[in-house]
Amino acid sequence: MRPLTSEDPRTVGPYRTLVRLGAGGMGVVYLARSAGGALAAVKVIRAEHAADPGFRARFRREAETAARITGPWVVPVLGADTEAREPWLATAFVPGPSLAQVVAAGGPLPTVAVRELGSRLAEALVAVHEAGLIHRDVKPGNVLLALDGPRLIDFGIARHEGATALTATGAVIGTPGYLAPEQASAGPLGPPCDVFSLGCVLVYAATGRGPFGEGGGAGALFRTVHEEPDLTGIPPGLAPLIAACLAKDPAARPTASRVRDALAGGGEAAPDPAGRAALDPAGRAALDPAGRAALDPAGRVMPDPDRPDPDRPEPSAPSASRDPRESLRAASDPGESPDRGESPRTAFVLTPWQAPAGLPALIAERSAAALALPDPEPLPTTPTPAGDETAGGETAGHEATGKDSGPARRRVLTAGAAGAVLLAGGSAAVWNALRGRGTGAGGPPSGSGESPTYTIGLHADLGGPGRATGLAHQRGALLAVADHNSLKDKAFRLALRTEDDRGDPAAALRVAERLAADPAVIAVLGPTGGVLREELVQRYGAARLANVVVAAGSSTVESGTGLHLCVTRPLDDMLTPGLISHLARTTPAGRILLVEDAADPGLAGEVGRAFREAAPTGATLLEHPLVRGDAGFGTVARKAVTGRADAVVLGGGDASRAARLATALTGEGFTGARVAAGPALGPAFLDGAGDAADGWVFAEAYADPAALPAARGFTAAHRERFGAPPATWAAEAYDAVGLIARAAGTTSASGEVRSGIGGRIVRTEHRGIVRTLAFTASTRRTRMPDGIFLYRIEQGRPRFLGPYEEVREASGGSGR
4 MRPLTSEDPR TVGPYRTLVR LGAGGMGVVY LARSAGGALA AVKVIRAEHA
54 ADPGFRARFR REAETAARIT GPWVVPVLGA DTEAREPWLA TAFVPGPSLA
104 QVVAAGGPLP TVAVRELGSR LAEALVAVHE AGLIHRDVKP GNVLLALDGP
154 RLIDFGIARH EGATALTATG AVIGTPGYLA PEQASAGPLG PPCDVFSLGC
204 VLVYAATGRG PFGEGGGAGA LFRTVHEEPD LTGIPPGLAP LIAACLAKDP
254 AARPTASRVR DALAGGGEAA PDPAGRAALD PAGRAALDPA GRAALDPAGR
304 VMPDPDRPDP DRPEPSAPSA SRDPRESLRA ASDPGESPDR GESPRTAFVL
354 TPWQAPAGLP ALIAERSAAA LALPDPEPLP TTPTPAGDET AGGETAGHEA
404 TGKDSGPARR RVLTAGAAGA VLLAGGSAAV WNALRGRGTG AGGPPSGSGE
454 SPTYTIGLHA DLGGPGRATG LAHQRGALLA VADHNSLKDK AFRLALRTED
504 DRGDPAAALR VAERLAADPA VIAVLGPTGG VLREELVQRY GAARLANVVV
554 AAGSSTVESG TGLHLCVTRP LDDMLTPGLI SHLARTTPAG RILLVEDAAD
604 PGLAGEVGRA FREAAPTGAT LLEHPLVRGD AGFGTVARKA VTGRADAVVL
654 GGGDASRAAR LATALTGEGF TGARVAAGPA LGPAFLDGAG DAADGWVFAE
704 AYADPAALPA ARGFTAAHRE RFGAPPATWA AEAYDAVGLI ARAAGTTSAS
754 GEVRSGIGGR IVRTEHRGIV RTLAFTASTR RTRMPDGIFL YRIEQGRPRF
804 LGPYEEVREA SGGSGR
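Position 721 of the sequence shown, counting from 1, maps to 724 under the working numbering, and the rest follow consecutively.
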C-alpha cells in the first residue's frame, strides 16, 4: 500500500479512494471505500489508453467477463463504469496475502493444504471455462489466501474461448514459468492452458519453486516448451496428477473438473481412452465405472479400502468447522454441469479448508490496517471560467472534483459509440468518421471529399557512420508508401518526410523537435542508429508521437518510460534462444564453452545468464572469460581444445574481437560449433577472420528478403527502383510502414490519429513480408520468440538459414 499522490483521484464512481495498491503502464489499482463502508479494490485505466476505442472495448470485455464468473473461489465484481473518461472496475477487497507471499515467508505447504488449494482453484477454473472463458495468467501472485479458502484474481487478460483478442493474436500473454507451451510459442489457446498453469502453481505450493527452474523471460519460455518439468519433491500421491496437468500436448491434460474431483477425492490421474487425463483406477479414491470418484449416500467421496491415502488423515464426520457453502452447493446443485463437452459428472465434496500456519494472524493484521485508514484530504478545487476546457475535452474543474460534467459525459459516450462503429466496420468506417473531423493529423478540410494524407516521419542517419542502415530504411519506407498509395479504395494516403541526423546525438534531438512540431506527422520510423537513446524516446513521447524503431540492437530506455514507443525487433540481448536451440537440436553439443567478452560486458552478461538458465538438457557448461586487450584469445582457444568442448559460445558484440577469436580457434585446431549473436556479425568479422569465419552461426534480428518467398515482389521492386537488391533492414522498414498504416486505419475516430496511434500500434497485428508483427503491450516489444533468424558463414559470406524455430524443425537435429 502506498499513499495517494496529488495526481490520484479522491473519488472513483461511488468509491472514495484510500491508498494505492499497485500501478502499471495501463492504470492504477486503489483500495477504496464505498458509501456503506465496504472496502473494494478499484482498477482505473489511464485516460490516454481509454481514448483508444479498441482498448476501451477490451476493458469493457474484461468487466463483462469478470461479472459473469461466479463462485466462492473467485473475487466478485462490485461495480464498473466502462464509459467513463477513465474506465474503472471494482472488485471485493481480499485482505489476505498471495500464495507467493505465503510460500516465500513460510516455505512450501503441507500435502493436505496443497490438495485443498488445488481443488478450490480447479473449481474456480471450472466456473471460468463453463462461461466460455480462459484466464491465461494463473500464477501464485494471482491467488490470494483468505481464512475460508483461496481466491483467484485478475481477469484482466481473460478472454472468450475462441475469440480474437484485441491484443494481437499470437502475443505471449501470461507469466513466464507459469504459462503453457502453447502460450510460450504463441499458439492457439483453450482451457487446457489454464490447467497447465494450475499444475505449475501446485508445484510451487508443494516445493517452493516452479517446475521450470528459477528466473523468467526467455529462459523460462524455452524450458517450458522444450524441457520436462522438474517434479522433484512432489508428494507421490500428487505427482501423477500434476504430471498430467503439465503434459506438453493440451489434449493430454485433464479438464479442470477432473483435477478438482481428483484432488477432492484424493485420486491420481492417468490418460483415459480419449487421451485426456482421468482419475487413476488405482488411485486413492474408489471410482465409478465412468472413472469418477464414487460417492456414498451422504454425498461424501468413498475412499478405496484397498489403498489408504498416506498423505491425508482418515475422514471424519462433518463438523461445524466445515465451510457452509460446500454443503449448500452440494445440496442445492447436485447435478451441476461439468466442463463443456463432458457427460454429467458425479457430485463432488471438498474437504474443509485448513489455513496455512500464520495466515490468520497475517490476515487480521492486514484487515486492521485497511479498516484503520482515514479518508485522504480532498484535493483543492481550482475555479475556472465557464466553458474553459482542458486538452482532454473536459473542464479543468473535473480533475479537482472527480465528477463528470454533462457535456464531457456526452463526449465520452460519443467516443464509445465511434469505437463500436470502428470495431464493426474497420478502415472504411474510420474514413467515414474522419471525413468531417477537420484538418488535424494531415486531414483535408472538412467536407472536401478528398482522402486525407498521413505523413510518416523517417528519422535516419543518412550522412554519418550509419548511412547504410539509414539508406536501407529510406528505400524500404519509400516502397511501402508507394504500395499503400497504389491500393484502390484506400481510406487515406501516405507521405514520407525524411530527416537526417548524421549519427550525431545533438542533431538527433533537433530532428525529433522538427518532426514533433509537424502536425501532419502521425508517427516516426526510426531513429535508425544501433542504440536507442532515452532522451529521444522522451522527446517523441512528450509530443504524443508514436516512435517505431526497427534496427536498434540496444537501448538506454528505462522500462515504462516509452508509452509511445514500439520496437519491432528483439534487442541483441534477446537473441540467445536462437543459439540455445541451435546447440540443442540442430548441432547438438554435450560440452559447451561459454566465453564472455569483458570488452562488451552488457551483451556478454545477458548471453551468459541465458545459457546458465536454459542450457540444453544434459549439456555441460564450461566457462572462460575473454579478458580485455590482446592477450586472451589464444588462452580461450586452448581451453576449448583441452576442455573437449563441442561448441564455443561467444558473448559479445565486437566484430573485430570475434574475428580474432575465430582465428585463434582455427589455429588451435578446434572444429566444433561456434556461435555468436548480434553485432558480432559485421564486415570487421568477415574481413578479419578470413577463412576462419566459415562455419560460424549467428543469431540475428533481420532476415534476407531474397530468401523469403513472401518478399519476392518486394525484392524485385527494390531492384527495379534502386538498381540493387535490398540491404539489411530494408524489408523490416517496409513492414514497419505497413504496421503504422494498419494501426492508423483502426485508430480512434474521436480524436487525432496522431494521439491514438501510439497505443494502437502495440495492439495491432500486421502480417508483413518478413514475418507477422505482434507485440507484448506491457513491454511494447515484439512477442517472444519472433524475429530471431540464423545465419551460417559459408565461403566468407553469411547464408540465411531462416527463423531459428524452422531451422530446428527442418533439420531434424542434423542441420538445415
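Don't be surprised by glycine CBs; every beta carbon is placed ideally from N, CA and C.
Since the model is a prediction, treat every value here as computed from it, not as a measurement.
- Ranked by Cα distance from residue 149, the first of 359, 765, 704, 179 is 359.
- Taken through DSSP and simplified to helix, strand or coil, residue 738 comes out as helix.
- Looking at 35, 114, 770, 455, the one whose alpha-carbon comes closest to that of residue 205 is 114.
- Under the Cβ criterion (8 Å, minimum of three pairs), the region 725–741 counts as touching the region 698–711.
- In terms of CA proximity to residue 613, 581 leads the group 581, 464, 642, 628.
- Check the Cα spacing between residue 496 and each of 502, 503, 485, 506: the tightest is with 485.
- Under DSSP, residue 803 takes part in a beta bridge, and its partners are 794.
- If you draw a straight line from the Cα of residue 553 to the Cα of residue 539, it is about 15 Å long.
- Spatial neighbours of residue 471 in its own chain (CB-CB distance under 7 Å, excluding positions within 5 residues in sequence) are listed in chain order as 730.
- Of all C-beta pairs linking the region 582–595 to the region 639–656, three or more are shorter than 8 Å, placing the two stretches in contact.
- Taking residue 68 as reference, the option from 126, 74, 112, 131 with the minimal CA-CA separation is 131.
- Judged by DSSP in its simplified three-state form, residue 701 adopts strand.
- Taking a contact to require three or more Cβ pairs closer than 8 Å, the region 53–67 and the region 759–772 qualify as touching.
- In the DSSP assignment, residue 718 falls within the alpha helix (DSSP H) that extends over 715–725.
- In this structure, the CA atom of residue 32 is about 27 Å from the CA atom of residue 198.
- With a cutoff of 8 Å on beta-carbon distance, residue 557 and residue 533 are scored as near each other.
- Excluding sequence positions up to five before and after residue 669, its CB lies within less than 7 Å of the CB of 695, all in the same chain and listed in chain order.
- Per the DSSP secondary-structure output, residue 493 pairs with nothing in a beta bridge.
- Around the C-beta of residue 575, 16 or more other C-beta atoms lie within 10 Å, and the residue is accordingly described as buried.
- Cβ neighbours of residue 798 within its own chain (closer than 8 Å, five residues either side excluded): 697.
- If you draw a straight line from the Cα of residue 196 to the Cα of residue 180, it is about 13 Å long.
- Looking from the CA of residue 658, the closest CA among 689, 693, 35, 536 belongs to 689.
- Between residue 644 and residue 598 the beta-carbon gap is near 13 Å, outside 8 Å, which marks them as no contact.
- Spatial neighbours of residue 248 in its own chain (CB-CB distance under 7 Å, excluding positions within 5 residues in sequence) are listed in chain order as 198, 199, 201, 202, 256, 257, 262.
- Residues of the same chain with a CB within less than 8 Å of the CB of residue 675, apart from the 5 flanking positions on each side, are 592, 643, 648, 649, 650, 651 in chain order.
- Here residue 634 is exposed: its Cβ has fewer than 16 other Cβ atoms, across all protein chains shown, within 10 Å.
- As a beta-bridge residue in DSSP terms, residue 46 pairs with 32, 92.
- Note: residue 18 is bridge-paired with 15 in the DSSP secondary-structure output.
- Boundaries of the beta strand (DSSP E) around residue 457: 456–463.
- In the structure shown, residue 195 adopts helical secondary structure according to DSSP, grouped into three states.
- Burial state of residue 108 is exposed, judged by a 10 Å Cβ sphere holding fewer than 16 other Cβ atoms.
- Secondary structure at residue 5: strand, using DSSP grouped into helix, strand and coil.
- Here residue 367 is exposed, its C-beta having fewer than 16 other C-beta atoms within 10 Å.
- Per DSSP, the unbroken beta strand (DSSP E) holding residue 525 starts and ends at 524–528.
- Under the DSSP assignment, residue 595 falls in the beta strand (DSSP E) whose first and last residues are 594–599.
- Assignment of residue 645 by DSSP, reduced to helix, strand and coil, places it in the helix class.
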